[in-house]
Amino acid sequence: MLDSAAEREGLPTATWARSVLLKAVKSEQTVAALDGHGQRHQVDQSLQLLSLFSGPGGLDEGFRQAGFHTRIAFDIDEACIRTFNHNHRQHGSIAYRRDITELDATSVRDLGGTGFRPIGVIGGPPCQSFSVSNVFQTDSDPRHSLPAVYARLLKALNDDVPISFFLFENVPGLLGVKHRHRYEQFKELFAAAGFEISEKLIDARDFNVPQQRERIFIVGINRELHPDVEWVWPNPRSRVRTVRDAISRLPEPIYNEKGRSGSDIPFHPNHWSMVPRSKKFGTEGALKEGQAWGRSFRTLSWDEPSWTVAYGNREVHVHPGGKRRLSIYEAMLLQSFPSDYVLTGNISTQVRLVSEAVAPRVAFFLALALRSCLGI
Numbered sequence: 003m004l005d006s007a008a009e010r011e012g013l014p015t016a017t018w019a020r021s022v023l024l025k026a027v028k029s030e031q032t033v034a035a036l037d038g039h040g041q042r043h044q045v046d047q048s049l050q051l052l053s054l055f056s057g058p059g060g061l062d063e064g065f066r067q068a069g070f071h072t073r074i075a076f077d078i079d080e081a082c083i084r085t086f087n088h089n090h091r092q093h094g095s096i097a098y099r100r101d102i103t104e105l106d107a108t109s110v111r112d113l114g115g116t117g118f119r120p121i122g123v124i125g126g127p128p129c130q131s132f133s134v135s136n137v138f139q140t141d142s143d144p145r146h147s148l149p150a151v152y153a154r155l156l157k158a159l160n161d162d163v164p165i166s167f168f169l170f171e172n173v174p175g176l177l178g179v180k181h182r183h184r185y186e187q188f189k190e191l192f193a194a195a196g197f198e199i200s201e202k203l204i205d206a207r208d209f210n211v212p213q214q215r216e217r218i219f220i221v222g223i224n225r226e227l228h229p230d231v232e233w234v235w236p237n238p239r240s241r242v243r244t245v246r247d248a249i250s251r252l253p254e255p256i257y258n259e260k261g262r263s264g265s266d267i268p269f270h271p272n273h274w275s276m277v278p279r280s281k282k283f284g285t286e287g288a289l290k291e292g293q294a295w296g297r298s299f300r301t302l303s304w305d306e307p308s309w310t311v312a313y314g315n316r317e318v319h320v321h322p323g324g325k326r327r328l329s330i331y332e333a334m335l336l337q338s339f340p341s342d343y344v345l346t347g348n349i350s351t352q353v354r355l356v357s358e359a360v361a362p363r364v365a366f367f368l369a370l371a372l373r374s375c376l377g378i
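Here this note's numbering runs 2 ahead of the position in the sequence shown, where the first position is 1.
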């Protein structure tokens, strides 16, 4: 039974069991979260969410910490589904592997079950097709249409049972000249769905995330349900967190080797790093703090936020010490994931998941702003 449960999460039995026990010890009788002022918000089951393009669950984690509850989530990536369910199923959330283009309002509500009336819809379509770093962009990329699919599904759900808000996230490249016409079309579709639209480019470093990470966020408030509500974006936090704040007290990671899995890692299942094969890692002074050699060798500074966590397999940022690349767990902390969050899969999969995730801390402050805006 234990082996079967671990296999469903894509983890070795020992890793799965240790993670479950750790979370059980840390959890309380009721799920609660701390806001930026130290006040507690108990999760309200009426604050149900639908999560589209959930990825590994970073956006949902931030909303969970603010007292919301993702009832169901969808993504087409099996690795995302495994990671989401590993971390969120204990809170009553479940993710399904589905192609969003094949979903409709009826199928979503059927999977949500009795009493599923989401107050909000959150999520961001895959960003690679809009990223300026993607040099292979083509007009025929089917991912270009996903935000429009998101908007149409949102309208169908809202026409069925009104939804108070939605939150959409994507890369700044969506605002570029090449994709601006698509972006304007998406906004028109969201407005046609019945929502008052606000948009803002947000840098994660302004919200207690030790990383420079700009993303475009669109918030829509239902005009009929909340005609007198004015959306106000959260104010940046006064203190900027640094790489030192996030990872300086960690032990050294172990290196990835053939056959090695999370159960072999003593500190945390994701605290492993790629073997430092380049001669630069062995040459004293070759990789200096804050110095960037293209995309492949960017050495972080201890007392600054990290560059954007968005890696290729051999582009993971270099640890400030200059002798190795970051571990996956260090990258997760730079993304503001909780210390007990676990990414599943092999190390290459984990590199992709941590790169694609929404920083939970940004999501947390946006979720608090939504609570305030809607009078919750």
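Glycine included, C-beta positions come from ideal geometry on N, C-alpha and C.
Test item: CB-CB of residue i and residue j under 8 Å
{"i": "Gly125", "j": "Tyr152", "result": "yes"}
{"i": "Pro236", "j": "Leu368", "result": "yes"}
{"i": "Arg241", "j": "Val211", "result": "no"}
{"i": "Ile220", "j": "Phe167", "result": "no"}
{"i": "Ile223", "j": "Cys82", "result": "no"}
{"i": "Gly69", "j": "Val360", "result": "no"}
{"i": "Pro164", "j": "Leu61", "result": "no"}
{"i": "Asn258", "j": "Ser280", "result": "no"}
{"i": "Val364", "j": "Asn89", "result": "no"}
{"i": "Ser338", "j": "Pro362", "result": "yes"}
{"i": "Thr85", "j": "Leu355", "result": "yes"}
{"i": "Phe192", "j": "Arg225", "result": "no"}
{"i": "Pro278", "j": "Arg327", "result": "yes"}
{"i": "Gln213", "j": "Val311", "result": "yes"}
Secondary structure of residue i, DSSP reduced to three states
{"i": "Ile165", "result": "coil"}
{"i": "Glu186", "result": "helix"}
{"i": "Val221", "result": "strand"}
{"i": "Glu232", "result": "coil"}
{"i": "Gln41", "result": "Since pLDDT at Gln41 reaches only 40, below the 50 mark, its modelled position is unreliable, and the value read off the structure follows with that caveat. Looking at Gln41 - three-state DSSP - the assignment turns out to be coil, as it is neither helix nor strand."}
{"i": "Tyr313", "result": "coil"}
{"i": "Asn172", "result": "strand"}
{"i": "Arg1", "result": "With the chain represented from 3 up to 378, any question about residue 1 goes unanswered, as that position is not in the structure."}
{"i": "Val277", "result": "coil"}
{"i": "Ala288", "result": "coil"}
{"i": "Ile96", "result": "strand"}
{"i": "Val318", "result": "coil"}
{"i": "Glu226", "result": "coil"}
{"i": "Gly125", "result": "strand"}
{"i": "Gln213", "result": "strand"}
{"i": "Ser374", "result": "helix"}
{"i": "Phe366", "result": "helix"}
{"i": "Met3", "result": "coil"}
{"i": "Thr15", "result": "helix"}
{"i": "Gln337", "result": "coil"}
{"i": "Ala361", "result": "coil"}
{"i": "Asp342", "result": "coil"}
{"i": "Thr351", "result": "helix"}
{"i": "Val242", "result": "coil"}
{"i": "Asp62", "result": "helix"}
{"i": "Asp106", "result": "coil"}
{"i": "Gly117", "result": "coil"}
Pairwise C-alpha distance: residue j and residue i
{"i": "Asp230", "j": "Leu49", "result": "20 Å"}
{"i": "Ala383", "j": "Gln352", "result": "The question about residue 383 has no answer, for the chain in this structure spans 3 to 378."}
{"i": "Leu289", "j": "Asn315", "result": "19 Å"}
{"i": "Ser147", "j": "Ile102", "result": "11 Å"}
{"i": "Asp247", "j": "Asn160", "result": "42 Å"}
{"i": "Trp233", "j": "Ser263", "result": "45 Å"}
{"i": "Ser53", "j": "Pro307", "result": "29 Å"}
{"i": "Ile378", "j": "Leu370", "result": "9 Å"}
{"i": "Asp205", "j": "Met3", "result": "44 Å"}
{"i": "Thr116", "j": "Ala107", "result": "14 Å"}
{"i": "Pro127", "j": "Arg297", "result": "24 Å"}
{"i": "Gly94", "j": "Ile74", "result": "9 Å"}
{"i": "His273", "j": "Gly64", "result": "22 Å"}
{"i": "Ala16", "j": "Ile121", "result": "38 Å"}
{"i": "Gly347", "j": "Phe55", "result": "18 Å"}
{"i": "Asn87", "j": "Glu286", "result": "43 Å"}
{"i": "Glu358", "j": "Gly59", "result": "10 Å"}
{"i": "Gln92", "j": "Lys202", "result": "33 Å"}
{"i": "Trp295", "j": "His270", "result": "30 Å"}
8 Å contact criterion, which residue i and residue j should meet: CB distance rounded
{"i": "Arg217", "j": "Val173", "result": "6 Å"}
{"i": "Phe76", "j": "Leu105", "result": "7 Å"}
{"i": "Trp309", "j": "His319", "result": "6 Å"}
{"i": "Phe366", "j": "Lys325", "result": "Rounded, the Cβ-Cβ distance is 33 Å, inconsistent with contact."}
{"i": "Glu291", "j": "Ser303", "result": "5 Å"}
{"i": "Pro255", "j": "Ser350", "result": "About 16 Å; that fails the 8 Å criterion."}
{"i": "Leu156", "j": "Ala195", "result": "5 Å"}
Residues bridged to residue i [DSSP beta-bridge criterion]
{"i": "Gly264", "result": "According to DSSP, Gly264 bridges with nothing at all."}
{"i": "Arg300", "result": "Ala294"}
{"i": "Lys202", "result": "Phe219"}
{"i": "Ser53", "result": "Ala75, Ile124"}
{"i": "Tyr257", "result": "Ser275"}
{"i": "Arg327", "result": "Val320"}
{"i": "Ser308", "result": "Gln213"}
{"i": "Phe197", "result": "Asn224"}
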